[in-house]
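Engineer: Residue numbers (my numbering): 1 to 91.
(1) So, for residue 9: in the same chain, excluding its five sequence neighbours on each side, which residues have a beta-carbon less than 8 Å away from its beta-carbon?
(2) Classify residue 42 as buried or exposed, calling it buried when 16 or more other Cβ atoms lie within 10 Å of its own Cβ.
(3) Reducing DSSP to helix, strand and coil, say where residue 20 ends up.
(4) Helix, strand or coil: how does DSSP classify residue 52 here?
(5) Pairs of beta-carbons, one from the region 69-77 and one from the region 19-35, closer than 8 Å: are there three or more?
(6) Leaving out five residues before and five after residue 52 in sequence, what residues of the same chain have Cβ atoms less than 8 Å from its Cβ?
(7) Report the option in 76, 18, 54 whose CA atom is closest to the CA atom of residue 29.
(8) If the criterion is Cβ atoms closer than 7 Å, does the pair residue 16 and residue 76 meet it?
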């Protein structure tokens, strides 16, 4: 379970670097479609499978938020360095 959450977080972070927020909807839908047969193969109960799916979706969204924040932080640091204005101390 922990490996799944880490993987979903990292996938969300990568998607947050490059895509808009609407990419999360189809990805969550695909995750639901994949989770049903995986739950049957792993022989887990329906409620445990649903809990795992919800936690994976939350980890995906948290990773997306982290990746998006990192993208904007890097862009603002780059812009501050490129467009730095000299300070006029002598008038």
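For glycine and all other residues, C-beta sits at the position ideal for the given N, C-alpha and C.
Structural biologist: If we stick to the structure as given:
(1) The residue labelled residue 9 in the question sits at position 9 within the chain shown. Excluding positions up to five away in sequence, the list reads 59, 60, 62, 63, 66.
(2) As a position in the chain shown, residue 42 is number 42, starting the count at 1. Per the 10 Å Cβ criterion, exposed.
(3) Residue numbering aside, residue 20 sits at position 20 when the chain shown is read from its first letter. Residue state, collapsed to three classes: coil.
(4) Looking up residue 52 in the chain shown gives position 52. Looking at residue 52 - three-state DSSP - the assignment turns out to be helix.
(5) no
(6) Your numbering for residue 52 matches position 52 in the chain shown. The answer, listed in chain order, is 1, 4, 35, 39, 44.
(7) Counting from one through the chain shown, the residue named residue 29 turns up at place 29. Among 76, 18, 54, the Cα nearest to that of residue 29 is on 54.
(8) Here residue 16 refers to the residue found at position 16 when the chain shown is read from its first residue. Here residue 76 refers to the residue found at position 76 when the chain shown is read from its first residue. No, these two residues do not count as a Cβ contact at 7 Å.
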